[in-house]
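All residue numbers for the sequence shown refer to this note's numbering, where the first residue is 71 and numbers rise by one.
Glycine included, every Cβ here is placed at the ideal spot set by N, Cα and C.
So the structure is just underneath, and the comments pick up after that.
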Amino acid sequence: VQKGQVTVQQRVEEAFQNLFPSVKRVHSSSRTDTGVHALGMVIHVDLPKTECQMDFYKLQMALNAFLPEDIRVVKAARAKNDFHARFDAKGKQYRYVIWNAPAMNPLLLGRAWHVPSPLDVERMKKAAKMFVGKKDFKSFATTREYEMETTVRRVTRCEVRKRGSEIIVIIDGEGFLYKMCRGIVGTLVRVGDGKLNQKNIHSIFRKRDRRVGGMNAPAGGLTLVKVNY
Numbered sequence: 071v072q073k074g075q076v077t078v079q080q081r082v083e084e085a086f087q088n089l090f091p092s093v094k095r096v097h098s099s100s101r102t103d104t105g106v107h108a109l110g111m112v113i114h115v116d117l118p119k120t121e122c123q124m125d126f127y128k129l130q131m132a133l134n135a136f137l138p139e140d141i142r143v144v145k146a147a148r149a150k151n152d153f154h155a156r157f158d159a160k161g162k163q164y165r166y167v168i169w170n171a172p173a174m175n176p177l178l179l180g181r182a183w184h185v186p187s188p189l190d191v192e193r194m195k196k197a198a199k200m201f202v203g204k205k206d207f208k209s210f211a212t213t214r215e216y217e218m219e220t221t222v223r224r225v226t227r228c229e230v231r232k233r234g235s236e237i238i239v240i241i242d243g244e245g246f247l248y249k250m251c252r253g254i255v256g257t258l259v260r261v262g263d264g265k266l267n268q269k270n271i272h273s274i275f276r277k278r279d280r281r282v283g284g285m286n287a288p289a290g291g292l293t294l295v296k297v298n299y
């Protein structure tokens, strides 16, 4: 829950509490920052069997009746007693959308980063491969020391695709640091516009300093696509 703002988690908790007053909290698979979207967010909630007598389709419909239209429960199912949405996750996939044309597509407002100047997608594709593997991503993440035992993470896929004026960056990994995906995308855009090259990226990794990395891409272009278990 983000201070002073109504969050998705807060709305979902309120929906559960309308049906099951004993519920205090729902547990999500990922903590996305303000403005980031999610298609495949997974949550779990502990419910006493005596309280939950309806089948899962009816539970899904009942929750959606209490949720705003931009938040939907697409499936509800019983989980093992020891399941945890966050700590049992094996990996996540994020997608970032860039609109690379002089004029922004109005249908993508709030869902893509508008970069009007031409980007060299082939350079971005080559640079993206440098982020794959088990590496120290300190230079590409915004530090939150209180929750960071290590800044080493394993990225299993970092791929750049072009579809018309859309440039899509897909990043799969076992886990991510705070704003890490946005830092990677911001750096790739700097490669695409010629301000950085592959040698610069090697140096950025080595220095372990966020100040030398590329900018954070805006939150609106980022979507959590799915969580793997």
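- With fewer than 16 other beta carbons inside 10 angstroms of its own, H272 counts as exposed.
- Counting only residues of its own chain and dropping the five nearest sequence neighbours on each side, D158 has a CB closer than 8 Å to the CB of Y299.
- Looking at the backbone, the Cα of G243 and that of M250 are separated by about 11 Å.
- Nearest to Q75 by alpha-carbon distance, out of A85, T104, R276 and S100, is T104.
- Judged by DSSP in its simplified three-state form, G291 adopts helix.
- Less than 7 Å separates the beta-carbon of S235 from that of W169.
- In this chain, the beta strand (DSSP E) harbouring Q163 covers G161 to W169.
- Taken in chain order, the unbroken stretches of beta strand (DSSP E) that lie wholly in the region 109-184 and span 3 residues or more are 161-169.
- The secondary-structure analysis by DSSP pairs G234 with nothing; it has no beta-bridge partner.
- Comparing alpha carbon positions, the residue from K196, V93 and S98 closest to K119 is V93.
- Just so you know, the alpha carbons of T213 and G283 end up roughly 13 Å apart.
- Under the three-state reduction of DSSP output, R193 falls in the helix class.
- Per the DSSP secondary-structure output, D242 pairs in a beta bridge with Q163 and R227.
- Look at S92 here: in three-state DSSP terms it is coil, with no helix or strand label.
- By the Cβ neighbour-count rule, A198 is buried, with 16 or more other Cβ atoms within 10 Å of its own.
- In the displayed model, V297 falls within a strand according to three-state DSSP.
- Counting of Cβ neighbours within 10 angstroms places Y127 among the exposed residues, the total staying below 16.
- Put simply, the region 85-92 does not touch the region 145-162. Fewer than three CB pairs are less than 8 Å apart.
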